[in-house]
Amino acid sequence: MNYPRILLLAVLLSLTAACTEQKPSTLGTDAGTERRIDELLSRMTLAEKIGQMNQVSAGGDISNYAEALRNGQVGSILNEVDPDRINAFQRICVEESRLGIPLLVGRDVIHGFHTVFPIPLGLAATFDPALVEEGARVAAVEATAQGIRWTFSPMLDIARDPRWGRIAEGSGEDTWLDARMGEAMVRGYQGTKPDTASMAACVKHFVGYGAAEGGRDYNSTYLTERQLRNVYLPPFEAAVKAGAMTLMTSFNDNDGVPSTGNAFILRQVLRDEWGFDGLVVTDWNSMGEMISHGFGADRKEVARLAANAGVDMDMMTFGFLSHLEELVRCGAVRESTIDAAVRNILRVKFLLGLFEHPYVDVEAGRAVQYAPAHLEAARRTVEESVILLKNDGVLPLDAGRVRTILVTGPMADAPYDQLGTWSFDGEKSHTVTPLQALRERFPGKVVHVPGLGFSREERSRFDDVVAAARRADVVLAFLGEEAILSGEAHCLADLNLIGSQSALLAALKSAGKPVVATVMAGRPLTIERDLPNCEALLYAFHPGTMGGPALANLIFGDVNPSGKTPVTFLRTVGQVPLYYSHNMTGRPYNGETLLADIDREAGQTSLGNTSYYLDYGAYPLFPFGFGLSYTTFAYSDLSLDSEVYPKDGKVSISFILSNTGDRDGTEVVQVYVRDIVGSVTRPVKELKHFERVSLKAGEQRRLQLSFPVSDLAFYGLDGVKKVEPGDFQLWVAGDSASGEPLSFKIQ
Ligand code: NOJ
Numbered sequence: 000m001n002y003p004r005i006l007l008l009a010v011l012l013s014l015t016a017a018c019t020e021q022k023p024s025t026l027g028t029d030a031g032t033e034r035r036i037d038e039l040l041s042r043m044t045l046a047e048k049i050g051q052m053n054q055v056s057a058g059g060d061i062s063n064y065a066e067a068l069r070n071g072q073v074g075s076i077l078n079e080v081d082p083d084r085i086n087a088f089q090r091i092c093v094e095e096s097r098l099g100i101p102l103l104v105g106r107d108v109i110h111g112f113h114t115v116f117p118i119p120l121g122l123a124a125t126f127d128p129a130l131v132e133e134g135a136r137v138a139a140v141e142a143t144a145q146g147i148r149w150t151f152s153p154m155l156d157i158a159r160d161p162r163w164g165r166i167a168e169g170s171g172e173d174t175w176l177d178a179r180m181g182e183a184m185v186r187g188y189q190g191t192k193p194d195t196a197s198m199a200a201c202v203k204h205f206v207g208y209g210a211a212e213g214g215r216d217y218n219s220t221y222l223t224e225r226q227l228r229n230v231y232l233p234p235f236e237a238a239v240k241a242g243a244m245t246l247m248t249s250f251n252d253n254d255g256v257p258s259t260g261n262a263f264i265l266r267q268v269l270r271d272e273w274g275f276d277g278l279v280v281t282d283w284n285s286m287g288e289m290i291s292h293g294f295g296a297d298r299k300e301v302a303r304l305a306a307n308a309g310v311d312m313d314m315m316t317f318g319f320l321s322h323l324e325e326l327v328r329c330g331a332v333r334e335s336t337i338d339a340a341v342r343n344i345l346r347v348k349f350l351l352g353l354f355e356h357p358y359v360d361v362e363a364g365r366a367v368q369y370a371p372a373h374l375e376a377a378r379r380t381v382e383e384s385v386i387l388l389k390n391d392g393v394l395p396l397d398a399g400r401v402r403t404i405l406v407t408g409p410m411a412d413a414p415y416d417q418l419g420t421w422s423f424d425g426e427k428s429h430t431v432t433p434l435q436a437l438r439e440r441f442p443g444k445v446v447h448v449p450g451l452g453f454s455r456e457e458r459s460r461f462d463d464v465v466a467a468a469r470r471a472d473v474v475l476a477f478l479g480e481e482a483i484l485s486g487e488a489h490c491l492a493d494l495n496l497i498g499s500q501s502a503l504l505a506a507l508k509s510a511g512k513p514v515v516a517t518v519m520a521g522r523p524l525t526i527e528r529d530l531p532n533c534e535a536l537l538y539a540f541h542p543g544t545m546g547g548p549a550l551a552n553l554i555f556g557d558v559n560p561s562g563k564t565p566v567t568f569l570r571t572v573g574q575v576p577l578y579y580s581h582n583m584t585g586r587p588y589n590g591e592t593l594l595a596d597i598d599r600e601a602g603q604t605s606l607g608n609t610s611y612y613l614d615y616g617a618y619p620l621f622p623f624g625f626g627l628s629y630t631t632f633a634y635s636d637l638s639l640d641s642e643v644y645p646k647d648g649k650v651s652i653s654f655i656l657s658n659t660g661d662r663d664g665t666e667v668v669q670v671y672v673r674d675i676v677g678s679v680t681r682p683v684k685e686l687k688h689f690e691r692v693s694l695k696a697g698e699q700r701r702l703q704l705s706f707p708v709s710d711l712a713f714y715g716l717d718g719v720k721k722v723e724p725g726d727f728q729l730w731v732a733g734d735s736a737s738g739e740p741l742s743f744k745i746q
């Protein structure tokens, strides 16, 4: 044997392997694009590279920015929606800067652009990813037509505290549902193959932001690595795998480390484990806020921390612009770190085709706004997102039998408020309120007495509206929260209907006519005390432009409600946090005595010593996944195709779903699983599959559902993601608190 030759061959082979080894690419750019990126990068000065890493908020006179754009000091702008101005900005970059690199224009297009869809919490209530994808596509078509090629959406923060105002902006409390919604929005915004109507998605806020202590926005979080990996990270991973082009760091510090300076999440998890090769942007000044956190002394230090942690673009701290050059020169940040960041930015610009199509056709762009198909998609989305929480049989109303309809409440005709938070570009003039829709549908039959001017108004006498209620056949009361009461920084410590709305509802009830309440809000409010004061209650998370017509269709039965709660509805705010997929305590609540029932003489021994509140027990008002219909559904003959599955197997479920009522309807079939014994304690139930199924009145259908066993993998005691063999339970039901479990094993 010629050992030196073999050795040489082995070295050569491994070198070839190293050279040809493909870095994982979540964006799937081809070699040609990567070559263009490298070629452009090789011609850039350090200052030009750093310029690409700088994002600026537009506003004021264009001449204020012209020089910076011309000098290549701005890679992206946000908050500009005027297509003429966007074209003007692009023209300076493309035609007057040395390298002609186009701008990436970003905007918070969160639940629609001009045509506003329900807030994301309402989108989640549809349990319909295909419809949510369609809505995101509509948003992309409208926004890109005006030059916006990057949206700061979807927000994938799990939220288990409705005091947190930003619960409105996400998909609620559940990891599985959040992940499916996130993927759908990414697909909708970006399209399957990027074209000029593609808008880069930005998954945010990375990570843990929704777990803010006390539900106060921006507050610290204390999530363990296991919680992060099992609950908070999977939706981000799913969205990244679905091709999300960008990601935003969050404001919060988790266990003492602000996300914008957290190399563990930004490098180890995001880049090394998931292979993300898109762009990471900070949240607005979140780099600068690391100084307030006490994580860095000054802007230079936080710029270093952020760059080294893996941030590519600075939104509005100007820390990179002011200090990166110096930091590179003194060796505190490597130029290769800057190159990697700029590659990520250019990759997104190339993928979006900005170099080929930097400008928009302003006239053509105007024509697509509020297109009839967009309004129609928005209406259908509201119809699927509204949740029927109570119905004593009064709904649906029979249009032929009502002569006088009293429309009342502060949300009946509040076009701005029904759009909800983050609807910068939705316009009051295009919004159809319930009052408008009902008047149009029932000319001459609608009497409008507002009762309260706005949601926070305090009033003690309701004589006028009660008198009108007495004269009406039915009372439609539209209650809730103004848009300003939820969203960023808009947190609440009291979750009852605000102002005098509960008093208004009680007064209406006293008139003796059927009362149908509709609550439009940015969060699940604590409405227990209001339920006795209405015969039916519909919950509409701020529904957007087409809220009015959709609600009219639901109330009068043209459409049967099918929305389900994407978050647990609490009885009282003191129950926070209460979510369905909690771990099992050693002493689970078992319906023991409540305060009101305690026998004074019996003493403490009769209390049961389990985990609950003496005054409110342990159960919510409405569980996760709950929602009524005008018909009823029954599940029967449930079985699994096996008692034992291998780890690489597939669980198949067979059952009969019956529409047992006299109306056509749609059920959201939900599959929950419990891993009975794990290396660490596991949630009592976790959603693992859902599907919307439509059945005609009286129809029965045998359904087969399946999911891979690998969906049951989690990070256990050894910190490795895997399926742990053992006993499992599985429920197929219409909400998270119903159904009888089936058992199976994994070997
Ligand atoms: C701050 C918010 O936290 C973030 O969600 C948003 O995208 C940026 N501002 C830009 O407006």
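According to numbering that gives the first Met the number 0, the stretch in the sequence shown is residues 0 to 746, in order.
Even for Gly, the Cβ is constructed at its ideal location relative to N, Cα and C.
| query | result |
| --- | --- |
| Contact set, the ligand NAD heavy atom to C-beta under 5 Å | Ligands in the displayed structure: the ligand NOJ; the ligand NAD is not one of them. |
| Cβ pair count under 8 Å reaching 3, the region 198–214 against the region 688–703 | no |
| Supposed close pair methionine 286, glycine 255 - CB separation, criterion 8 Å | About 17 Å separates the two Cβ atoms, so there is no contact after all. |
| Contact check, valine 131 vs alanine 183, beta carbons under 7 Å | yes |
| For methionine 247, the first and last residue of its enclosing beta strand (DSSP E) | 245–248 |
| At least three beta-carbon pairs within less than 8 Å, the region 73–88 to the region 505–520 | no |
| Within 7 Å, strictly: CB atoms of alanine 196 and alanine 139 | yes |
| Length of the line joining the Cα atoms of aspartate 463 and valine 448 | 8 Å |
| Cysteine 754 in three-state terms, based on DSSP | For the chain, the structure presents residues 0 to 746; residue 754 sits outside this window and is missing. |
| Beta-carbon proximity list for methionine 314, same chain, < 6 Å, skipping 5 on both sides | Gln54, Val280, Thr281, Trp283 |
| Burial state of threonine 15 (16 or more Cβ within 10 Å) | With a pLDDT of only 44 at threonine 15, under 50, the local geometry of the prediction cannot be trusted, and no value is derived from it. |
| CA nearest to the CA of alanine 308, picked from Gly330, Thr336, Val327, Glu324 | Thr336 |
| Within the region 365–429, ranges of the beta strand (DSSP E) (whole runs, at least 3 residues) | 386–390, 404–407 |
| Exposure label - arginine 599; buried when at least 16 CB within 10 Å | exposed |
| Through-space distance from leucine 155 to asparagine 390, alpha-carbon basis | 32 Å |
| Cut-off 7 Å between Cβ atoms - residues of its own chain near valine 332, not counting five sequence neighbours on either side | Arg303, Ala306, Asn307, Leu323, Leu326 |
| Range covered by the beta strand (DSSP E) that runs through glutamine 728 | 725–732 |
| Proximity of alanine 758 and proline 233 at Cβ, strictly below 7 Å | In the structure as shown, the chain starts at 0 and stops at 746, and residue 758 therefore has no counterpart that could be examined. |
| Cβ-based neighbour list, leucine 711, same chain, cut-off 8 Å, excluding 5 preceding and 5 following | Val672, Asp674, Lys687, Val722, Phe727, Ile745 |
| Reduced DSSP secondary structure (H/G/I, E/B, other) of tryptophan 149 | strand |
| Whole-number beta carbon distance between proline 82 and glutamine 145, since they are thought to touch under 8 Å | 4 Å |
| Residues near lysine 508 by beta carbon distance below 6 Å, same chain, minus five either side | Val514, Asn532 |
| Valine 731 versus valine 558: straight-line alpha-carbon distance, rounded | 25 Å |
| Limits of the unbroken beta strand (DSSP E) element including asparagine 658 | 649–658 |
| Environment of isoleucine 49 [buried if 16+ CB atoms lie within 10 Å] | buried |
| Arginine 469 beta carbon less than 7 Å from that of alanine 502 | no |
| Helix, strand or coil at glutamate 690 [DSSP, three-state] | strand |
| Contacting residues, own chain, Cβ-Cβ under 7 Å from leucine 577 (five flanking each side not counted) | Thr567, Leu569, Pro619 |
| Alpha-carbon to alpha-carbon, threonine 245 and arginine 346 | 11 Å |
| Between the CA atoms of phenylalanine 441 and threonine 571 - distance to the nearest angstrom | 38 Å |
| Cβ-based burial, glutamine 267 [other Cβ within 10 Å; buried from 16] | exposed |
| Given aspartate 529 as reference, the closest of Val341, Ala505, Ser291 once Cα atoms are compared | Ala505 |
| Cα-Cα separation between glutamate 20 and alanine 135, rounded to whole angstroms | Residue placement at glutamate 20 is flagged as unreliable, the pLDDT there being 48, under the threshold of 50; a coordinate-derived value is accordingly withheld. |
| Buried/exposed call for glycine 590, threshold 16 Cβ in 10 Å | exposed |
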